[in-house]
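In the numbering used here, the protein residues as written are 44 to 189. Beta carbons: idealized from backbone N, C-alpha and C, even for Gly. Worksheet for the structure shown next.
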């Protein structure tokens, strides 16, 4: 339990630090990052495993090997991202040197989650999703508490 509290406090402090450092990533790159995340979420909505997998960073692609395995992992461990009822983009900035986009996601049952999208710039200049950390939000958390 103490470890979970420590993680929660660490993420809260990271979110606060992130929200105060929005200028760390140029606006053009922020737009590119958002477009990648939106495109992957759209691919999930259409059950397009290949397209969703195409937005994953090489390390994620290597770990899951196939689009089907990747989509199965999302369905099992990241269900709120697979079929969100609502998505709100929040703060974006560097979190321990990693470009990170925060989202507030509401699932089909009305439960809310904060998602930290860790992004990775590729040699060709494109952005890929290198990981996502998903944390449930308490029911009383205000909608804009990113």
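Item                                                                                                                                                                    : Value
So for residue 89, helix, strand or coil by DSSP?                                                                                                                       : coil
Counting C-beta neighbours from all protein chains within 10 Å, is the total for residue 157 16 or more, i.e. buried, or is it exposed?                                 : buried
So residue 113 is in the alpha helix (DSSP H); what residue range does that whole segment cover?                                                                        : 110 to 120
Taking the alpha helix (DSSP H) that residue 105 belongs to, which residues open and close that run?                                                                    : 101 to 107
Please state if the CB of residue 114 and the CB of residue 130 are separated by a distance shorter than 7 Å.                                                           : no
Mind checking which residues open and close the beta strand (DSSP E) that includes residue 133?                                                                         : 129 to 138
Where does residue 153 land, buried or exposed, given buried means 16+ other C-beta within 10 angstroms?                                                                : exposed
Per DSSP, what are the beta-bridge partners of residue 68 in this structure?                                                                                            : None; residue 68 has no bridge partner.
According to DSSP, simplified to helix, strand and coil, what is residue 126?                                                                                           : coil
Residues bridged to residue 158 by DSSP?                                                                                                                                : 146 and 177
Helix, strand or coil for residue 152 per DSSP?                                                                                                                         : coil
Does the distance from the CB of residue 160 to the CB of residue 80 come in under 7 Å?                                                                                 : yes
So, for residue 174: in the same chain, excluding its five sequence neighbours on each side, which residues have a beta-carbon less than 6 Å away from its beta-carbon? : 161
Which same chain residues end up closer than 6 Å to residue 179 when comparing Cβ atoms and leaving out the 5 residues on each side of it in sequence?                  : 156
Do residue 148 and residue 123 come within 7 Å of each other at the CB atom, strictly closer than that value?                                                           : yes
State buried or exposed for residue 70, treating a residue as buried only when at least 16 other CB atoms are found within 10 Å of its CB.                              : exposed
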